[in-house]
Amino acid sequence: MKRIKSLLVLTLLTTVILTSCATNKEPVKGVESSVNETGDVKAVKITANNCNVTQGVDATSKVLQTVNKDANLNVINKVNEDWYCVKLPNNQIGFVPQQQCTPVLPNNAINKGNVGQIPATGTTPTPGTTTGKTPGTQTPGAANQMQLPQTGTGINNRQPIPGNTTGNNENTVADDNAEVENTTTNKNISNEEQQLINLINESRKQNGLKALTADNQLSEIARIKSKDMIDNNYFSHNSPTYGNPFDMLKNFGIQYLSAAENIAGNKSVQEAHEALMNSPGHRKNILNPEFTHVGVGIQKGSKYGYMFTELFIKK
Numbered sequence: 054m055k056r057i058k059s060l061l062v063l064t065l066l067t068t069v070i071l072t073s074c075a076t077n078k079e080p081v082k083g084v085e086s087s088v089n090e091t092g093d094v095k096a097v098k099i100t101a102n103n104c105n106v107t108q109g110v111d112a113t114s115k116v117l118q119t120v121n122k123d124a125n126l127n128v129i130n131k132v133n134e135d136w137y138c139v140k141l142p143n144n145q146i147g148f149v150p151q152q153q154c155t156p157v158l159p160n161n162a163i164n165k166g167n168v169g170q171i172p173a174t175g176t177t178p179t180p181g182t183t184t185g186k187t188p189g190t191q192t193p194g195a196a197n198q199m200q201l202p203q204t205g206t207g208i209n210n211r212q213p214i215p216g217n218t219t220g221n222n223e224n225t226v227a228d229d230n231a232e233v234e235n236t237t238t239n240k241n242i243s244n245e246e247q248q249l250i251n252l253i254n255e256s257r258k259q260n261g262l263k264a265l266t267a268d269n270q271l272s273e274i275a276r277i278k279s280k281d282m283i284d285n286n287y288f289s290h291n292s293p294t295y296g297n298p299f300d301m302l303k304n305f306g307i308q309y310l311s312a313a314e315n316i317a318g319n320k321s322v323q324e325a326h327e328a329l330m331n332s333p334g335h336r337k338n339i340l341n342p343e344f345t346h347v348g349v350g351i352q353k354g355s356k357y358g359y360m361f362t363e364l365f366i367k368k
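So the sequence shown is residues 54 to 368, counted in the working numbering.
Shown next as structure tokens:
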């Protein structure tokens, strides 16, 4: 009888211990990752009052033309760390010293919205393929670029995130004399995404940096990336659907001088931002003084609660 009672007590204790272990399971901790790239320089703007375009990469070389400040020149290639090879308006080829100019986007290369179609659900785009104006057709020589969902359509079925403190859909505008809170109404950015943009720009302000301009197209691409990570159950800068973030940006028709991506999985906007700021690589992207524009995409799902993608570019 005593032996039976002992067995019953032992069984009861074992059940209590197992139940305790099961109910006290810790939640999945957040996760973060970052990556960045510098794009090829296609044009430069002269920053010196008068810049001599020379025949060779030497200050003593023959001067082909003197160019005024703020003039834009198309770049053929970067010769070395000190010189750019450029094409003059008269089609002559010359060289300008790097310290007298700064990289810019060519006037005719700024995003014009000339993009193709987003692939149908369940399909995978193949970099290097061609597409015509009509989805499904092919036109030789046409660039393979994807089209973002139209305003108010597509994947933007997002849920409010716990801890959100913003109450409007606004787009932060970068201005030398503007406060971080100066915004213009934009219905394409959710409250949670605006909250994250505000946190990013507040962190930059605290470090003496200009606010980033919130970019609608970047935010849409960031949402697509966050959703792709949830749908395909991965956490990586390399998407099985869209490739690396820089190919993805280019395939959606985004032009940039440099770019970076931060990704995170977390249960709230505030905790995601704090985790990114506490990580050297992610903090470096957020506080990079060279970046001018930002896009953020937040999607509900994954074992972390929400998936966050931040895209930074310099235009």
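Even for Gly, the Cβ is constructed at its ideal location relative to N, Cα and C.
Nearest by alpha-carbon distance to Leu340: which of Ser311, Ala101 and Lys263 is it?
For the purposes of this step, residue 340 is identified with residue 287 of the sequence shown, where counting begins at 1. Selection Ser311, Ala101 and Lys263 evaluated against Leu340 yields Lys263 as nearest (Cα-Cα).
Does the distance from the C-beta atom of Ile274 to that of Leu302 stay below 8 Å?
Position 221 of the sequence shown, counted from the first residue, corresponds to residue 274. Position 249 of the sequence shown, counted from the first residue, corresponds to residue 302. Ile274 is a Cβ neighbour of Leu302, given a cutoff of 8 Å.
Pick helix, strand or coil for Val128, following the three-state DSSP scheme.
Residue mapping note: residue 128 aligns to position 75 of the sequence shown, counting from 1. Note: Val128 maps to strand in three-state DSSP.
Any heavy atom of the ligand ADP closer than 7 Å to the beta-carbon of Glu324?
Ligands are entirely absent from the displayed structure, and the ligand ADP is therefore not among its contents.
Where Leu271 falls: helix, strand or coil (DSSP)
Within the sequence shown, residue 271 is the residue found at index 218, counting from 1. In the structure shown, Leu271 sits in a helix (DSSP, three-state: H, G or I).
How would you label Val116, buried or exposed, when you count the other beta carbons within 10 angstroms and need 16 or more for buried?
Reading the sequence shown from its first residue, position 63 is the one you call residue 116. Answer is exposed; the Cβ neighbour count stays below 16.
Where Asn269 and His346 are concerned, what is the direct C-alpha to C-alpha distance, given to the nearest angstrom?
As a working note, residue 269 is residue 216 in the sequence shown. As a working note, residue 346 is residue 293 in the sequence shown. Distance between the alpha carbons of Asn269 and His346: 10 Å.
Note down the Cα distance separating Met360 from Gln308, rounded to an integer number of angstroms.
On the sequence shown, residue 360 is found 307 positions in, with the first residue counted as 1. On the sequence shown, residue 308 is found 255 positions in, with the first residue counted as 1. Rounded to the nearest angstrom, the gap between the Cα atoms of Met360 and Gln308 is 25 Å.
Residue nearest to Ile146 in terms of C-alpha spacing, selected from Thr113, Asn125 and Gly109
Taking the first residue of the sequence shown as 1, we reach residue 146 at position 93. It is Gly109 whose Cα lies nearest to the Cα of Ile146.
Assuming Ala325 is part of the alpha helix (DSSP H), what are its boundary residues?
Position 272 of the sequence shown, counted from the start, is the residue given in the question as residue 325. Looking at the DSSP string, the run of the alpha helix (DSSP H) that includes Ala325 is Val322 to Met330.
Enclosing beta strand (DSSP E) for Phe305 [first to last residue]:
On the sequence shown, residue 305 is found 252 positions in, with the first residue counted as 1. Note, Phe305: premise wrong, no beta strand (DSSP E); not H, not E.
What three-state label does DSSP hand His290 in the structure shown?
Position 237 of the sequence shown, counted from the first residue, corresponds to residue 290. Residue state, collapsed to three classes: coil.
Taking the alpha-carbon of Leu265 as reference, which of Ile250, Thr119 and Ser355 has the nearest alpha-carbon?
As a working mapping, residue 265 is identified with position 212 in the sequence shown. Nearest of Ile250, Thr119 and Ser355 to Leu265, Cα basis: Ile250.
As a quick exercise: from Val139, Glu363 and Asn297, pick the residue whose alpha carbon is nearest that of Glu246.
The residue labelled residue 246 in the question sits at position 193 within the sequence shown. Answer by Cα proximity: Glu363.
For Asn133, which residues from the same chain have a beta carbon less than 8 Å from its beta carbon, with the 5 sequence-adjacent residues on both sides left out?
For the purposes of this step, residue 133 is identified with residue 80 of the sequence shown, where counting begins at 1. So the qualifying residues of the chain are Val110.
Cβ neighbours of Gly166 in the same chain (closer than 6 Å, five flanking residues each side left out):
Taking the sequence shown and counting its residues from 1, the one referred to as residue 166 is at position 113. Annotation note: pLDDT 35 at Gly166 (below 50); position unreliable, no value reported.
Alpha carbon to alpha carbon, how far is Val149 from Glu314? Give it in angstroms, no decimals.
Residue 314 sits at position 261 when you count from the first residue of the sequence shown. Residue 149 sits at position 96 when you count from the first residue of the sequence shown. Whole-angstrom Cα-Cα distance: 32 Å.
Taking the CB atoms as reference points, tell me whether Cys104 and Val94 lie closer together than 8 Å.
As a working mapping, residue 104 is identified with position 51 in the sequence shown. As a working mapping, residue 94 is identified with position 41 in the sequence shown. Taking 8 Å as the cut-off, the beta carbon of Cys104 is found no closer than this to the beta carbon of Val94.
From the DSSP output, in three-state form, read off Pro333 for me.
Here residue 333 refers to the residue found at position 280 when the sequence shown is read from its first residue. In this structure, Pro333 counts as helix in the three-state DSSP scheme.
Considering only the alpha carbon of each residue, which of Gly261, Ile242, Asn319 and Val97 lies closest to Pro342?
To locate residue 342, count along the sequence shown from 1; it is residue 289. In terms of CA proximity to Pro342, Gly261 leads the group Gly261, Ile242, Asn319 and Val97.
Which residues share a DSSP beta bridge with Phe361?
Taking the sequence shown and counting its residues from 1, one reaches residue 361 at position 308. Per DSSP, Ala317 and Ile351.
Between the CA atoms of Gly92 and Val128 - distance to the nearest angstrom
The residue labelled residue 128 in the question sits at position 75 within the sequence shown. The residue labelled residue 92 in the question sits at position 39 within the sequence shown. Distance between the alpha carbons of Val128 and Gly92: 13 Å.
Span separating the alpha-carbon of Thr174 from that of Asp284:
For the purposes of this step, residue 174 is taken as the residue at position 121 of the sequence shown. For the purposes of this step, residue 284 is taken as the residue at position 231 of the sequence shown. Bear in mind that a pLDDT of 34 at Thr174, under 50, signals an unreliable position, so the model cannot answer this.
So, Glu85 versus Ala312, is the Cβ gap smaller than 8 Å?
Residue mapping note: residue 85 aligns to position 32 of the sequence shown, counting from 1. Residue mapping note: residue 312 aligns to position 259 of the sequence shown, counting from 1. Not in contact: Glu85 and Ala312 (Cβ atoms no closer than 8 Å).
Contact set for Val322: own chain, Cβ-Cβ below 6 Å, skip 5 residues either direction
In the sequence shown, counting from the first residue as 1, residue 322 sits at position 269. Ile214, Glu245, Gln248 and Leu249, listed in sequence order.
According to DSSP, is Ile250 part of a helix, a strand, or is it coil?
Along the sequence shown, read from residue 1 onward, the residue named residue 250 stands at position 197. The answer is helix: DSSP assigns Ile250 an H, G or I state.
Would you identify the three-state DSSP class for Lys263, choosing helix, strand or coil?
On the sequence shown, residue 263 is found 210 positions in, with the first residue counted as 1. In the structure shown, Lys263 falls within a coil segment according to DSSP collapsed to helix, strand and coil.
Rounded to whole angstroms, what is the Cα-Cα separation between Tyr357 and Leu310?
Reading the sequence shown from its first residue, position 304 is the one you call residue 357. Reading the sequence shown from its first residue, position 257 is the one you call residue 310. Rounded to whole angstroms, Tyr357 and Leu310 show a C-alpha spacing of 33 Å.
Using beta-carbon positions only, say whether Leu141 and Val106 come within less than 8 Å of one another.
Sequence index remark: in the sequence shown, residue 141 carries index 88 (1-based). Sequence index remark: in the sequence shown, residue 106 carries index 53 (1-based). The criterion of a C-beta distance shorter than 8 Å is satisfied by Leu141 and Val106.
Beta-carbon proximity of Cys138 to Lys98, cut-off 8 Å:
The residue given as residue 138 occupies position 85 in the sequence shown. The residue given as residue 98 occupies position 45 in the sequence shown. Going by beta carbons, Cys138 and Lys98 fall outside the 8 Å limit.
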